[in-house]
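Undergrad: Residue numbers (my numbering): 26 to 166.
Even glycine gets a Cβ: it sits at the ideal position worked out from N, Cα and C.
Input: one structure, supplied below.
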């Protein structure tokens, strides 16, 4: 018997890039519901075929950075021990609500995402986007 995915669940995630192994930053990542995931995938990619000339190759455009930022915006549900570069104090994590993919959704403010270096954005986005996949243990059940 299959078990559904709890779209409200979160998982703690520690970056491989974090130098502080004793007191790391902890990211709380969540699942992107199917409509949200489809919107992110569709907004960050396009496929174009030429109907006038069948010999023309199709054009594919992938906006990886946009995809990463949007996945983090909606998939990051909280964080602990992340220092503000100006105050050197842990940031106060508060979501904002915006309309996206046909619904009002809570998301990470852009000012917080702007503090993440590109390597961290790539790692977090991958962890968030992988949450919708079945783990090996879930496949066996």
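(1) If you drop the 5 nearest sequence neighbours on each side, which residues of the same chain put their C-beta closer than 8 Å to that of residue 122?
(2) Leaving out five residues before and five after residue 104 in sequence, what residues of the same chain have Cβ atoms less than 6 Å from its Cβ?
(3) Touch check for the region 83-96 and the region 28-45: three-plus C-beta pairs under 8 Å?
(4) Suppose the cutoff is 6 Å on Cβ atoms and the five residues either side in sequence are ignored; what does the same chain contact list for residue 154 look like?
(5) How about the region 99-114 and the region 69-81: do they share at least three Cβ pairs that are nearer than 8 Å?
(6) Is it the case that the Cβ atoms of residue 32 and residue 58 are separated by a distance below 8 Å?
(7) Taking the alpha-carbon positions, what's the residue 115 to residue 126 distance?
(8) What is the DSSP secondary structure of residue 86, counted as helix, strand or coil?
(9) How many Å lie between residue 36 and residue 80 at the Cα?
(10) By DSSP, does residue 99 sit in helix, in strand, or in coil?
(11) Buried or exposed for residue 98, please, with buried defined as at least 16 other CB atoms from any protein chain shown within 10 angstroms of its CB.
(12) Starting from residue 54, follow the beta strand (DSSP E) in both directions and report where the run begins and ends.
TA: Let me spell this out:
(1) Only 129, 130, 131 and 132 meet the Cβ criterion.
(2) 52 and 118.
(3) Counting Cβ pairs under 8 Å, fewer than three are found: no touch.
(4) Within its own chain, the residues whose Cβ lies closer than 6 Å to the Cβ of residue 154, once the five positions on either side in sequence are excluded, are 96, listed in chain order.
(5) Three or more beta-carbon pairs separated by less than 8 Å are not found between the region 99-114 and the region 69-81, which leaves the two stretches without contact.
(6) Yes, they are a contact pair.
(7) Spanning the two alpha carbons is a distance of roughly 31 Å.
(8) The answer is strand: DSSP assigns residue 86 an E or B state.
(9) Here the alpha carbon of residue 36 sits roughly 48 Å from the alpha carbon of residue 80.
(10) Three-state result, residue 99: helix.
(11) Classification for residue 98: buried.
(12) The continuous beta strand (DSSP E) containing residue 54 extends over residues 51-55.
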